[in-house]
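Protein chains in written order, with my numbering: chain A, 6 to 512; chain B, 49 to 324.
Glycine included, C-beta positions come from ideal geometry on N, C-alpha and C.
Because the structure is a prediction, the values reported are computed rather than measured.
To start, the structure under review is shown below, and the notes come after it.
This is how it looks when you write it as structure tokens:
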């Protein structure tokens, strides 16, 4: 008994002793595409230039997620686009006029800056050669080619200003329309597996891949003027920062933005470096750039990753084993518990994060960033199923004669559970934990979607920049960690599975 | 015919037979779905005697043992152990007064033999030396070297497992010992050894023993009294010779004759009577 209590206490300590604290100072957010990250880096340098320590949560998972973080106060400022605000954040019923937009956001505690100077709207893109071949110049021309295969970024697939309404406006007949990760779309175009994709007009890859942007002849796409979304309380919290950030207003032209994107995506220069070059040339701001060695980066990612894993896996174990016990002991609640943890498993990770963010905010916990409760809770929920199920089936598969003899001995139910049933099910429970841990290490890469760091960060950066080296910087350590976790659990069988269950006859 | 085999107990008024018996079943019945495992049944077992529940498989004899332990609950009727009606409130306490041994011994594989035997005593927080003393006593009783007790059940032979199972059942020195086919899974030589040892142990301990078997030979070997069951009903109770001499039903003769060729092998002396 004491051994179990000691184990639980040690586990709780391991799970909840904080290694890092919530960062102080200004929090800048950016979405997971290059332009947004560059602008985020500029904001960080400008704020630091004004003497405010700043954290940049790079590559957050999507519009809804970043905006939610802004409302929660986990992000103070991030670059956004007018079209996105009108269509995605306020919904199509909101008036698109700047005044209406400002009023609607003002009610929610958010300020708009004036435009930064460039319009990065959506466009449909094809390989120039293919477009010439088929004689396609305008979006309307697509209606004559119903067999073309469309592949759109997942965000574009379900945006208000995305594919469904575009199809309606232009009456496009195409049946084969795939949702895919936008960062992979150009490669798919090149391979010929899709013919048309969505693109941003300042995208550096347009010239690199020799793409044709199709003319929006029905003026479907709204304007996407870049600007900053800023929390109203920022001016009072960091008075000296506001004017510094607003120096970006009207400072970035379309050509400059496309050049900066191209420096990052094609010349493989870091966003930090590109942002610093721009600020120095255009605004005379000198930014300090910290040089990172590979070893330091990997070490930092490892710490972040392990932090996510421990904070989610250990509570999952402590929650799932009792749930599995209840499930095994009572047929009705058993079906219910197994159904619920099963359903949780099917919720897509990004959706789960977006669902959890307001919950975390309501609880007063950090919803994005390092050590954020959102990623940890999502991972914990995903880790429940294998442990609950294996605890359930482990207990159910204990032979009836053992239940019977244990009961016949006159042992109380709790004592039987702790001393007979759980030890006999230990191998199954441990293997459930092992499965959960390996899944957890893999899934923890989703932490990067909300700035929680870990090995997912280089993976999404690498996918975005089409840079295999960077992807491997996250993927290899993640795989090694999964193997190490697996190995660690094999060893832990020696501690947690009773010796009598490990020996064979004749030993 | 030995004196204990008289019919006198059956003529006692109902009140007294219930309270005098160490185990008394009153109007107890059990169905599994549509299948009747036990028809409503009145049965008593007196202290210090050896009973054998005899019958083909499915006749309800194992169910009867489980009813006495509260491992299955009766559809009707009451079970009394030493006068107390078995109910959830006294279940654990009454179970500790009954030792239970099953066919494959049912030793917990994650515990050593000695941990299996001492499990209940440890739960009851007996002191270490007291446990050790009882272990040695029991090891001597069942003739198992003390060193064997540090092994796991997977490292013991079937006969050794059954001896450990008996030790575990006897740990708290219960009034009653219930054994469900205790020799059923053993090969013939071990079986003969253990059978002889068991009988001498029963004589030394002077406990109420109820053994379930389908083997007439085994019944004859152990029983002070045989209870022959068929399809959940008691057909006849009495000594083997009584059953042979005055069968209550053609089934009695039929059942015994079916196994008769083996009867010559065993000792045919009637066991000495118990303390009753």
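By Cβ distance, which residues of its chain are closer than 8 angstroms to residue i, with the 5 residues on each side in sequence left out?
i, result
"residue 343 of chain A", "332, 393, 394 and 397"
"residue 237 of chain A", "111, 114, 115 and 116"
"residue 120 of chain B", "78, 111 and 114"
"residue 416 of chain A", "424 and 425"
"residue 249 of chain B", "189, 190 and 214"
"residue 124 of chain B", "75, 76, 77 and 88"
"residue 241 of chain B", "207"
"residue 358 of chain A", "66, 70, 379, 380, 383, 451, 454 and 455"
"residue 487 of chain A", "443, 446 and 447"
Report, in whole angstroms, the separation of the C-beta atoms of residue i and residue j, which I expect to be a contact under 8 angstroms.
i, j, result
"residue 330 of chain B", "residue 233 of chain B", "In the structure displayed, chain B extends from 49 to 324; residue 330 of chain B sits before or after that span and is not available."
"residue 109 of chain A", "residue 95 of chain A", "5 angstroms"
"residue 130 of chain A", "residue 196 of chain A", "The pair is not a contact, with the Cβ atoms about 15 angstroms apart (cut-off 8 angstroms)."
"residue 272 of chain B", "residue 99 of chain B", "7 angstroms"
"residue 204 of chain B", "residue 196 of chain B", "7 angstroms"
"residue 108 of chain B", "residue 225 of chain B", "With 8 angstroms as the limit, residue 108 of chain B and residue 225 of chain B do not qualify as a contact, their Cβ atoms being about 20 angstroms apart."
Could you check which residue in the options has the C-alpha nearest to that of residue i?
i, options, result
"residue 3 of chain A", "A:328, A:7, A:183 and A:207", "A question about residue 3 of chain A goes unanswered here, because the residues of chain A that appear run from 6 up to 512."
"residue 116 of chain A", "A:454, A:130 and A:90", "A:90"
"residue 74 of chain B", "B:276, B:199, B:131 and B:214", "B:131"
"residue 380 of chain A", "A:367, A:349, A:430 and A:456", "A:456"
"residue 434 of chain A", "A:485, A:373 and A:325", "A:325"
"residue 462 of chain A", "A:143, A:127 and A:452", "A:452"
"residue 68 of chain A", "A:142, A:47 and A:38", "A:38"
"residue 482 of chain A", "A:130, A:303 and A:403", "A:303"
"residue 255 of chain B", "B:103, B:243, B:211 and B:227", "B:227"
"residue 17 of chain A", "A:44, A:317, A:217 and A:154", "A:317"
"residue 148 of chain B", "B:262, B:273, B:289 and B:258", "B:258"
"residue 363 of chain A", "A:62, A:75, A:306 and A:277", "A:75"
"residue 88 of chain A", "A:164, A:46, A:41 and A:34", "A:164"
"residue 151 of chain B", "B:222, B:260, B:244 and B:92", "B:260"
"residue 170 of chain A", "A:273, A:143 and A:227", "A:227"
"residue 307 of chain A", "A:480, A:49 and A:439", "A:480"
"residue 106 of chain B", "B:262, B:275 and B:290", "B:262"
"residue 388 of chain A", "A:339, A:419, A:323 and A:406", "A:323"
"residue 355 of chain A", "A:339, A:373 and A:346", "A:373"
"residue 500 of chain A", "B:158, B:168 and B:305", "B:158"
"residue 470 of chain A", "A:10, A:269 and A:222", "A:269"
"residue 307 of chain B", "B:268, B:101 and B:69", "B:268"
"residue 64 of chain A", "A:44, A:77 and A:78", "A:44"
"residue 92 of chain A", "A:62, A:118, A:127 and A:473", "A:127"
"residue 166 of chain B", "B:294, B:220, B:287 and B:236", "B:220"
"residue 475 of chain A", "A:166, A:460 and A:192", "A:460"
"residue 48 of chain A", "A:489, A:251 and A:240", "A:251"
Less than 7 angstroms between C-beta atoms, sequence neighbours within five positions excluded: which residues of the same chain meet that for residue i?
i, result
"residue 19 of chain A", "315 and 319"
"residue 30 of chain A", "57, 58, 59 and 60"
"residue 122 of chain A", "255, 256, 257 and 258"
"residue 148 of chain A", "175, 176, 177 and 178"
"residue 249 of chain A", "51, 52, 54 and 55"
"residue 122 of chain B", "76, 77, 78 and 115"
"residue 458 of chain A", "306, 309, 375 and 452"
"residue 491 of chain A", "439 and 443"
Could you tell me which chain C residues have their CB closer than 8 angstroms to the CB of residue i, listed as they occur along the chain?
i, result
"residue 154 of chain B", "Given the protein chain composition of this structure (A and B), no chain C is represented."
Please list, in chain order, all residues of the same chain as residue i whose beta carbon is under 6 angstroms from its beta carbon, the five residues on each side excluded.
i, result
"residue 181 of chain A", "154"
"residue 73 of chain A", "362"
"residue 399 of chain A", "430, 433 and 434"
"residue 421 of chain A", "411"
"residue 386 of chain A", "349"
"residue 494 of chain A", "439"
"residue 222 of chain B", "145, 146 and 147"
"residue 41 of chain A", "35 and 84"
Query raised in the report: Do the stretch 279 to 287 of chain B and the stretch 73 to 89 of chain B touch if we need at least three Cβ pairs shorter than 8 angstroms?
Result: yes
Report task. Tell me the start and end of each unbroken beta strand (DSSP E) in the stretch 100 to 134 of chain B that is at least 3 residues and wholly inside, in chain order. Result -> 124 to 129
Query raised in the report: Does the stretch 145 to 162 of chain A come close enough to the stretch 184 to 193 of chain A to have 3 or more Cβ pairs within less than 8 angstroms?
Result: Contact between the stretch 145 to 162 of chain A and the stretch 184 to 193 of chain A is established, with three or more Cβ pairs separated by less than 8 angstroms.
Query raised in the report: Between the stretch 291 to 306 of chain A and the stretch 241 to 254 of chain A, do at least 3 Cβ pairs fall closer than 8 angstroms?
Result: no
Requested in this report: Would you check if there are 3 or more beta carbon pairs closer than 8 angstroms linking the stretch 80 to 90 of chain A to the stretch 222 to 234 of chain A?
Outcome: Result yes; three or more Cβ-Cβ pairs closer than 8 angstroms.
Requested in this report: With a floor of 3 residues, list each beta strand (DSSP E) that falls wholly inside the stretch 138 to 221 of chain A, ordered by position along the chain.
Outcome: 155 to 158, 182 to 185, 202 to 205 and 216 to 218
Query raised in the report: Are the stretch 207 to 214 of chain B and the stretch 123 to 138 of chain B touching by the rule of at least three beta carbon pairs closer than 8 angstroms?
Result: no
Query raised in the report: Hey, which unbroken runs of the beta strand (DSSP E) at 3 residues or more fall wholly within the stretch 210 to 239 of chain B?
Result: 224 to 228
Requested in this report: Ignoring anything shorter than 3 residues or poking outside the stretch 84 to 136 of chain A, list the beta strand (DSSP E) runs there in chain order.
Outcome: 115 to 117 and 127 to 132
Report task. Only counting runs of 4 or more residues, tell me where the alpha helix (DSSP H) segments fall wholly within the stretch 247 to 316 of chain A, in order along the chain. Result -> 259 to 270 and 276 to 288
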